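Residues in the sequence shown are numbered from 63 upward in steps of one, following our numbering.
Accompanying notes for the structure given below.
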Amino acid sequence: MSMRVFLPDSNATAELGFKLGQLLAPGDLVVLAGELGTGKTTLAQGLARGLGVTGPVTSPTFTIIQEYQGRCPFNHLDVYRLEDPASARELGLEEYFYGQGVTAIEWGERLEELLPCQHLRVELEYSPGGGRLATLTANGQHYSGLLEELKQSVSPGG
Ligand SMILES: Nc1ncnc2c1ncn2[C@@H]1O[C@H](COP(=O)(O)OP(=O)(O)O)[C@@H](O)[C@H]1O
Ligand SMILES: [Mg+2]
Numbered sequence: 063m064s065m066r067v068f069l070p071d072s073n074a075t076a077e078l079g080f081k082l083g084q085l086l087a088p089g090d091l092v093v094l095a096g097e098l099g100t101g102k103t104t105l106a107q108g109l110a111r112g113l114g115v116t117g118p119v120t121s122p123t124f125t126i127i128q129e130y131q132g133r134c135p136f137n138h139l140d141v142y143r144l145e146d147p148a149s150a151r152e153l154g155l156e157e158y159f160y161g162q163g164v165t166a167i168e169w170g171e172r173l174e175e176l177l178p179c180q181h182l183r184v185e186l187e188y189s190p191g192g193g194r195l196a197t198l199t200a201n202g203q204h205y206s207g208l209l210e211e212l213k214q215s216v217s218p219g220g
């Protein structure tokens, strides 16, 4: 199950994140894939708002992990600077994949072998005419249900 959404500007990216964040439940995992500058952090900031996080939400590129508290814990990870899955293991990142909070991980596709099979993948791409394209793919029934719900509040495109 998957869905494609056209995002004309960064507000649209944050809005998609917000709507998704409202639907996420403790334990959920969102993998944010896509080249540098495609909007992964922007989407994660929307997610945080949708989860009820009120303070500033900054890019975790240098810290790798940022933890927030909304209606449940929200862990924002960015593994761009990690060399390999072994260093992710050393940092204990797997704990976040199976924890009680919602976790969103930028460049998460690089850790494919460490990820639980069940997760939501959001792939962001530059759109040729400007803006971005998001492809959301549900891996597992729980996330299919989530996408069904999301479809009711998001207009498709691409
Ligand atoms: N749908 C969009 N259309 C145009 N610009 C966008 C869109 N979404 C995000 N941006 C902008 O792209 C830039 C990079 O976004 P960012 O979220 O930091 O990307 P990433 O985390 O993938 O590197 C920011 O200036 C952001 O405002
Ligand atoms: Mg980023």
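Note that beta-carbon positions come from the ideal geometry of N, C-alpha and C, so glycine has one too.
Values in this document were obtained by computation on a predicted structure and should not be read as measured data.
If one requires a minimum length of 4 residues, the alpha helix (DSSP H) runs lying completely within the stretch 139-202 are 147-152, 156-159, in chain order. Counting the other CB atoms within 10 Å of its CB gives Gln203 a total below 16, which places it among the exposed residues. DSSP assignment within the stretch 85-112 yields the following whole beta strand (DSSP E) runs of 3 residues or more, N-terminal first: 91-95. Cβ neighbours of Glu129 within its own chain (closer than 6 angstroms, five residues either side excluded): Asn137. Segment contact: the stretch 191-200 against the stretch 65-85, three or more CB-CB distances shorter than 8 angstroms; contact assigned.
Neighbourhood of ligand 2, defined by CB distance below 6 angstroms to any of its heavy atoms: Lys102, Thr103, Ser121, Thr123, Asp140, Glu168, in chain order. Between the alpha carbons of Val119 and Ala110 lies a gap of roughly 7 angstroms. For Phe124, the secondary structure class from DSSP, reduced to helix, strand or coil, is coil.
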